[in-house]
Structures are given as C-alpha cells and as structure tokens.
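Participant: All the letters of the sequence shown, read from the start, carry residue numbers 383 to 657 under my numbering.
All C-beta atoms in this analysis are idealised placements derived from N, C-alpha and C, irrespective of residue type, glycine included.
Have a look at this one before I ask anything.
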Amino acid sequence: MPDVLSFDDPKAVSAAIAKMFSEAPLYSQLVYTDKSQTETIPEAIQLFCETCDMDTNWDTNVWNANYRRGFGETEYKCRNCREKSVTYFYYWGKAVSPADAFLFFKIGQWPALEERIPRELKKNLDRASQNSYYKALRCRNQNLGLGSLSYLRRVVEDKINAILDMIAEESKQVGFAAEHLAKLQDIKAKGLFKDKIEFASVILPPSLWPGGHNPIDALHDLASDGTHHFSEEECVQIFDRVRVVFEYLFREIDTRRRSASEYAASRAKLASARK
Ligand SMILES: [Zn+2]
C-alpha cells in the first residue's frame with residue numbers, strides 16, 4: 383500500500399499527476415488527499431522527444447474531457463515539433479481507502495515508456511551490458527522493481543572498475559584524496575562490490591557533487607543485500623535514484639574529458655601556429 387500524500391495546492395496536484403504520466407511505471411499508484419479539489423489533468427508534461435532530441439513540453443486539450451472521474455484516456459503532443467505524441471489510459475478517481483482520498487494510476491500508454499540509454503553511457507557499455515540495461519529499464523517501467531535492480535546491479539558491477547578509474551582521474555586532476563588513491567589498484571583487483579562503492583564515495587571530489595551532496599551515497603542501496611526485503615515499489619524508487627547517479631557520472635566525466643581534450647587540442651594548434 384503506497385503512502386497517502388496530502389495536497390492543498392492545485393499546482394502541486396498537477397505536478398504530481400504530470401510526474402505520474404511522464405515517469406511512473408504502469409499500475410504504480412498515487413494515493414492522496416486534496417483540499418484544492420483539482421479535477422483536470424495537467425495541461426503540459428515534460429518528456430524526452432526523439433524528433434527534437436531533448437526534453438520538451440508536451441500538451442493536451444484539457445477542455446476535451448479528462449476529469450477526475452474514473453477511467454480516462456488522453457493524448458499529449460510535443461509542443462516543439464508538433465509531430466510526436468503519446469496516448470495514456472489511466473484511472474483517476476476515488477480511492478478505496480482512505481475514503482476521502484483519491485487514486486491515480488496508468489493502465490497503458492503508447493508508445494511505451496521510453497527505454498533510452500543516454501549517448502555518453504551507451505558508448506561506455508559493451509553489448510551485454512547494454513542488453514542488461516535495457517532489460518533493467520523494461521522491468522522498471524512494468525513495476526518489476528526487484529528485477530530492475532538485479533539487472534542494474536549486473537551492469538554497475540560490470541562497470542564499477544571503469545567508474546573508479548574515471549573518478550580517480552578526476553580526483554588526481556584536482557588534487558583530491560591523494561592518500562586514498564594509492565589503494566586504487568588493490569581495491570579494483572580484490573575489493574568486494576560494496577567496498578568498491580565505499581571507495582568511490584571516498585575518492586569522489588566535491589567538484590562532482592551536484593547540489594553539495596555526494597551522489598555515490600545513492601549507490602549503497604544497490605550494493606546492500608537488503609534489497610530482497612523491499613517491495614517492488616521501493617525497489618523502483620531505489621532504481622530511479624541509482625540510475626540518475628550512474629548516468630550522471632558518465633555524462634559529467636565524459637563532458638570533462640571532452641573539454642579537457644578540446645582544450646589540449648586547441649593549445650597544440652596555437653603552439654604549432656606560433657612556430
Ligand atoms: Zn518534439
């Protein structure tokens with residue numbers, strides 16, 4: 383049974399429903415009470431558009447039905463290209479309990495929830511890891527949380543030494559955790575998965591902490607043996623947190639490497655031009 387949220391602001395209700403449309407697995411439930419009595423679906427949601435190759439706003443005709451009255455269907459269209467659209471089937475109405483609460487969940491959508499691997503990550507995964515990552519995303523999108531974590535753990539375990547190398551390289555450049563970096567080869571060769579995660583957390587320089595928080599902390603749940611005791615929905619929440627960090631590390635480090643090599647190339651070009 384999911385937690386019951388409480389809202390009193392129509393904007394907060396719209397944001398929660400929009401998030402359910404754009405991200406939630408099918409059948410995953412939002413149960414909430416609402417003093418604002420918001421009854422219409424959000425006018426716009428955010429999704430990745432393949433045609434535009436970025437996240438865009440997608441909108442719908444709210445006057446066309448779509449109220450909090452049980453089963454419904456609606457279409458959202460990319461506001462940018464007006465080409466791509468997605469259709470959702472959902473339930474939005476009274477919850478069974480508590481009696482004053484409302485319930486929202488999706489029962490279908492077409493095209494299916496995206497199973498996209500960001501470019502920077504994809505080029506760092508071999509075919510077997512890509513396959514596991516797609517399977518992890520597919521399980522997640524069907525609310526099979528435990529399955530999604532098993533596949534994701536396989537990919538992260540496979541890439542953890544590469545992640546440690548990438549982080550170590552960045553730490554060296556900024557002169558961070560020098561006394562720990564000496565142990566890198568040893569941990570890579572002999573460390574258990576959870577030791578490697580712990581080590582990654584210690585050597586990650588603050589330049590890679592978005593919002594001042596060490597993002598590696600989110601990976602600890604993946605290494606814990608406790609995942610078997612979590613519900614499917616808790617597993618999906620862990621999956622979403624780990625996925626964000628995993629993709630963030632590859633994206634950030636890739637960008638830094640690229641700008642460093644572009645910088646080196648332009649320096650070399652300048653130097654040869656001076657000769
Ligand atoms: Zn578009």
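Assign Ser467 to buried or exposed, taking buried as 16 or more other Cβ atoms, counted over all protein chains shown, within 10 Å of its Cβ.
Facilitator: Exposed, because fewer than 16 other Cβ atoms sit within 10 Å of the Cβ of Ser467.
Participant: For ligand 1, which residues have a Cβ under 7 Å from at least one heavy atom, in chain order?
Facilitator: Taking each Cβ in turn, the ones that pass are Cys431, Thr433, Cys434, Thr438, Cys460, Asn462, Cys463, Glu465 and Lys466.
Participant: Quick check on Tyr409: does DSSP put it in helix, strand or coil?
Facilitator: Reduced to three states, the DSSP call for Tyr409 is coil.
Participant: Compare the beta carbon distance of Leu408 and Leu485 with 9 Å and say whether it is the shorter of the two.
Facilitator: No, the Cβ-Cβ distance between Leu408 and Leu485 is not below 9 Å.
Participant: What's the gap between the Cα of Val478 and the Cα of Tyr630?
Facilitator: In a straight line, the C-alpha of Val478 is about 39 Å away from that of Tyr630.
Participant: Ser643 to Ala582, Cα distance in whole Å?
Facilitator: Between Ser643 and Ala582, the C-alpha separation is close to 24 Å.
Participant: Would you report the Cα separation of Tyr449 and Val618, rounded to the nearest angstrom?
Facilitator: Their Cα atoms are separated by approximately 28 Å.
Participant: For the candidate residues Ser613, Gly573 and Pro588, whose alpha-carbon lies nearest to that of Ala605?
Facilitator: Among Ser613, Gly573 and Pro588, the Cα nearest to that of Ala605 belongs to Gly573.
Participant: Can you look up Leu387 in the DSSP assignment and give me helix, strand or coil?
Facilitator: Three-state DSSP puts Leu387 in a strand.
Participant: For Asn443, does the count of other Cβ atoms within 10 angstroms reach 16, so buried, or fall short, so exposed?
Facilitator: So Asn443 ends up on the exposed side.
Participant: Identify the residues that DSSP records as bridge partners of Ala426: which are they?
Facilitator: For Ala426, which the question treats as bridged, DSSP gives the partners Asp441.
Participant: Could you tell me the distance, in whole angstroms, from the CA atom of Ser410 to the CA atom of Phe403?
Facilitator: For Ser410 and Phe403, the distance between alpha carbons rounds to 11 Å.
Participant: Using a 10 Å radius around the Cβ and a threshold of 16 neighbouring Cβ atoms, would you call Ala646 buried or exposed?
Facilitator: So Ala646 counts as exposed.
Participant: Counting C-beta neighbours from all protein chains within 10 Å, is the total for Glu552 16 or more, i.e. buried, or is it exposed?
Facilitator: Glu552 comes out buried.
Participant: If the criterion is Cβ atoms closer than 9 Å, does the pair Ala406 and Gln428 meet it?
Facilitator: Result no, Cβ atoms of Ala406 and Gln428 do not sit closer than 9 Å.
Participant: Going by beta carbon distance, what residues of the same chain come within less than 6 Å of Arg461, once the five residues before and after it are set aside?
Facilitator: So the qualifying residues of the chain are Asn439 and Asp441.
Participant: Let me know if Val537 comes out buried or exposed under the rule of 16 or more other beta-carbons within 10 Å of its beta-carbon.
Facilitator: Answer is buried; the Cβ neighbour count reaches 16.
Participant: If you follow the beta strand (DSSP E) that Cys617 is part of, which residue opens it and which one closes it?
Facilitator: It is not in any beta strand (DSSP E) - Cys617 instead sits in the alpha helix (DSSP H) that spans Glu614 to Arg656.
Participant: Which term fits Val626, buried or exposed, when burial requires 16 or more other beta carbons within 10 angstroms of its beta carbon?
Facilitator: Classification for Val626: exposed.
Participant: Mark Phe389 as exposed unless 16 or more other C-beta atoms lie within 10 angstroms of its C-beta, in which case mark it buried.
Facilitator: Burial call: buried.
Participant: Starting from Ser511 and walking both ways along the alpha helix (DSSP H), at which residues does that stretch end?
Facilitator: First-last of the alpha helix (DSSP H) with Ser511: Arg509 to Asn523.
Participant: Rounding to the nearest angstrom, what Cα-Cα distance links His610 and Ala394 in this structure?
Facilitator: Spanning the two alpha carbons is a distance of roughly 33 Å.
Participant: Give me the DSSP bridge partner(s) of Ser491.
Facilitator: Before going further, note that residue 491 is Gln rather than Ser in the sequence given. Answer is Tyr470, bridged to Gln491.
Participant: Which residues in the same chain have their Cβ closer than 8 Å to the Cβ of Lys576, if we skip the five residues on either side of it in sequence?
Facilitator: Counting only Cβ-Cβ distances below 8 Å, and skipping sequence neighbours, we find His602, Ala605 and Ser606.
Participant: Keeping to the same chain, check which residues put their C-beta closer than 7 Å to that of Glu561; ignore five residues upstream and five downstream.
Facilitator: Excluding residues within five positions, none has a Cβ falling inside 7 Å.
Participant: Among the candidates Tyr414, Thr637 and Arg501, whose CA atom is the shortest distance from the CA of Asp435?
Facilitator: For the residues Tyr414, Thr637 and Arg501, the minimum Cα distance to Asp435 belongs to Arg501.
Participant: Exposed or buried, Gly593, counting other C-beta atoms within 10 Å across all chains shown (16 or more means buried)?
Facilitator: Gly593 comes out exposed.
Participant: Pull up the distance between the alpha-carbon of Leu528 and that of Ser613, whole angstroms please.
Facilitator: Cα to Cα, Leu528 sits roughly 8 Å from Ser613.
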